[in-house]
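So the structure is just underneath, and the comments pick up after that.
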Amino acid sequence: MSDTPTPPAAAGEPAKKPARRRLPAADGTAPKKRRVLKAEPPPPPPRKLWWALGVTLGVLALDQLSKWIVVQALNLKEVQAIDVIDPWLNLRMAWNQGVNFGLFGTDAEFMRWVLIGVALAICVGVAVWLMRLRPGTLAQVAAGLLVGGALGNVIDRVAYGAVADFLNMSLPGWRNPYSFNVADIAIFAGALGLIVQPGPKPAPPPAPAPRPRRRPGSGD
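Just so you know, our numbering puts 1496 at position 73 of the sequence shown, and the rest follows in order with no gaps.
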């Protein structure tokens, strides 16, 4: 009995292609279906660093503005001391040629430029770290505090040869001999924030490899 022939297509209609049938394999088994590989989703876009940049500029502006108001406008560089809420908060003028609490303070000119170079190297290192890892908001804020404070003190060393410290906090019966500024607060908070940042999340375990399917009629 012969197969029924395919009727010819009507005039003006495209001819229909006959459906393709999958032929059985040589061993008589059913043909395997082709696996359609799903395309992996594109990686998320890198995080912007607006928080780090904004906090850096904000800290730098606040530090320099506060120094100008207190040291220049209030003339603290001449009067040396202004009581605000004694003894809890006062203004005491101090020119710091070293780092925090006057460490490494010296009149030698080379030490001034060494400290400037160290501060700038730290800023560059933090900036490179930000560009590579693109961390979250909290890490960007901490990095911005650190870099903004460091740059604020660098400007003082270049302009005056020393850092202008003017904030002094003491207790009843105890007078704190040290002063600090807004940049010092930002540096301490930023460094502490970067230290307590959680580490990177561990990578998820790889998916198990698919087991090969057994053909029907095979041994074992």
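Note that beta-carbon positions come from the ideal geometry of N, C-alpha and C, so glycine has one too.
Source: prediction; values computed, not measured.
- Beta-carbon to beta-carbon, L1556 and I1610 are separated by about 21 Å, too far to satisfy the 8 Å threshold.
- Distance from the CA of M1554 to the CA of L1497, rounded to the nearest whole angstrom, comes to 40 Å.
- V1577 sits away from D1486, with the two beta carbons spaced by 7 Å or more.
- Sequence-distant partners of S1489 (beyond 5 residues in either direction) whose C-beta falls short of 6 Å from its own C-beta, in its chain, are V1605.
- Here D1509 carries a coil assignment [DSSP, helix/strand/coil].
- Runs of alpha helix (DSSP H) with 4 or more residues, each lying fully within the stretch 1571-1619, are found at 1605-1618, listed in chain order.
- Around the C-beta of T1560, fewer than 16 other C-beta atoms lie within 10 Å, and the residue is accordingly described as exposed.
- Taking the CA atoms as reference points, V1502 sits about 15 Å from S1602.
- In this structure, R1580 keeps its C-beta atom at 7 Å or more from the C-beta atom of I1545.
- In terms of CA proximity to Q1495, Y1583 leads the group D1607, Y1583, P1621 and A1614.
- For the alpha helix (DSSP H) assignment, the uninterrupted runs of no fewer than 4 residues enclosed by the stretch 1528-1573 are, from N- to C-terminal side, 1532-1556.
- Nearest in C-alpha terms to V1619, of all of F1589, A1565 and V1586, is A1565.
- The Cβ atoms of M1516 and F1589 sit closer than 7 Å to each other.
- In the DSSP assignment, R1515 is bridged to A1504.
- Taking C-beta atoms as the reference points, G1571 and L1483 count as a pair closer than 7 Å.
- Pairing P1510 with A1612, the inter-Cα distance amounts to about 24 Å.
- Where V1522 is concerned, there is no enclosing alpha helix (DSSP H), because DSSP gives it neither an H nor an E.
- Taking C-alpha positions only, N1519 is separated from L1574 by approximately 15 Å.
- When DSSP states are grouped into helix, strand and coil, K1471 belongs to the coil group.
- With contacts defined by Cβ atoms closer than 7 Å, L1512 and L1499 do not form a contacting pair.
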